[in-house]
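Novice: The structure follows.
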Amino acid sequence: MKRPGMGLPAGALLAVAACAGFERSARSVEGTAVSADGVPIRYRSAGRGDPAVVFVHGWSCDAAYWERQVNHFAGSRRVVTVDLAGHGGSGLDRKEWTMGAFADDVVAVVEALDLRRVVLVGHSMGGLVIVEAARRMPERTLALVPVDSFHDVDRTFTAAEKEEFLARLRADFPAAAGEFIRGNLFSASTPPDLADWIVRDMTSGPPEVGIGAMSAVLDYNLRVGIAQVNLPFYCINSDLYPMNLDAARRYIASLQVHTIPGVGHFPMLEAPEIFNRALEEGLRSLETGPGDA
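Going by the working numbering, the sequence shown opens with residue 2, and the numbers climb by one from there.
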């Protein structure tokens, strides 16, 4: 969640790329929108075109996780990245770190930039956020691209499961979050220096944000959310946790899925070229009318 480039090993630097490179782009702008509760939300915009592709990061991450996608797509499309409240360069003055509040952050950026048509791309927790954002602005949203999210829409967590995990985060957020990330989010092929950087970055943010957001993730009813979004979904997943396609198809009428083998939870960092090709194919398919895959 810290600024990229500080203490990154060489391999991770190549995988994440530098924010400075993005900011040097002749057609990029950086700005601040104001969310519904008054929190300032940092965004970056590059390229031109309609629809715009809006990238939303995951839990305890920030917009820097999308740098390889910005660099790839800005030459042919309008691309926007958002730092959700409590992450990256956005404000912290919020009491409830819910998916709805994060969705308000995305809506604020879309409205500030007057983006008339958008495709929302959300990694992990960001997949839940873009569902809520689409519910808030159906007239602007063309499609959703969850990235390594929606593994099993039927999965729910008991109160005991939730409290056990949150109690560990409250006791020692960096240690508990780091253990969770290392134990669940990487594959055998994840570059060690990239994994180390991700752990350091994701455990460096404000604990109250990470704990509050995780609590909201565990409480979120994805089935209810997606049932209220009558839009195409193009899921890009790793094969770390296979997707329950039968469950997803019960709730999503227009669904396509692309699986990237041999990567962990961060395919946009671990295999950026493959990921970018998959996203490009998905965007073309969504623009010409998706089918069920």
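For each residue, glycine too, the CB sits at the ideal point set by N, CA and C.
(1) Hey, could you find the ends of the alpha helix (DSSP H) R251 is sitting in?
(2) Return the residue from the list A113, N238, S61 that minimises the CA-CA distance to A214.
(3) Per DSSP, what are the beta-bridge partners of E31 in this structure?
(4) Please name the residue in E209, W98, V200, P207 whose C-alpha comes closest to that of L183.
(5) Where does A64 land, buried or exposed, given buried means 16+ other C-beta within 10 angstroms?
(6) Buried or exposed: T289, going by 16 or more other Cβ atoms within 10 Å of its Cβ?
(7) Within its chain, find whatever has a CB closer than 7 Å to the CB of T99; leave out the 5 residues flanking it on each side and keep chain order.
(8) By the DSSP assignment, the beta strand (DSSP E) with T260 in it spans what residues?
(9) DSSP three-state call for F158: helix, strand or coil?
(10) What does the alpha-carbon distance come out to for the pair P41 and P192?
(11) Please classify N222 as buried or exposed, where buried requires at least 16 neighbouring CB atoms within 10 angstroms.
(12) Can you tell me whether Y221 is helix, strand or coil according to DSSP?
Specialist: With the structure as the only source:
(1) As a position in the sequence shown, residue 251 is number 250, starting the count at 1. Element bounds for R251: 246-252.
(2) For the purposes of this step, residue 214 is taken as residue 213 along the sequence shown, with counting starting at 1. Nearest C-alpha to A214: S61.
(3) On the sequence shown, position 30 is the one that residue 31 refers to. Answer is R45.
(4) Position 182 of the sequence shown holds residue 183. One detail in the question is off: residue 183 reads as Arg in this sequence, not Leu. Of the listed residues, the one whose Cα sits closest to R183 is V200.
(5) Stepping through the sequence shown from its first residue, residue 64 is reached at position 63. Residue burial is scored here from C-beta neighbours: A64 has at least 16 other C-beta atoms within 10 angstroms and is therefore classed as buried.
(6) For the purposes of this step, residue 289 is identified with residue 288 of the sequence shown, where counting begins at 1. Classification of T289: exposed, given that the 10 Å Cβ count is below 16.
(7) Within the sequence shown, residue 99 is the residue found at index 98, counting from 1. Cβ-Cβ distances below 7 Å link T99 to A217 in the same chain, with the five nearest sequence neighbours on each side left out; the list follows chain order.
(8) In the sequence shown, counting from the first residue as 1, residue 260 sits at position 259. Counting along the chain, the beta strand (DSSP E) containing T260 begins and ends at 256-261.
(9) As a first step, residue 158 must be located in the sequence shown, where it is residue number 157. Note: F158 maps to coil in three-state DSSP.
(10) Here residue 41 refers to the residue found at position 40 when the sequence shown is read from its first residue. Here residue 192 refers to the residue found at position 191 when the sequence shown is read from its first residue. The straight-line gap from Cα to Cα measures roughly 34 Å.
(11) Here residue 222 refers to the residue found at position 221 of the sequence shown. So N222 counts as exposed.
(12) As a position in the sequence shown, residue 221 is number 220, starting the count at 1. In the displayed model, Y221 falls within coil according to three-state DSSP, outside both helix and strand.
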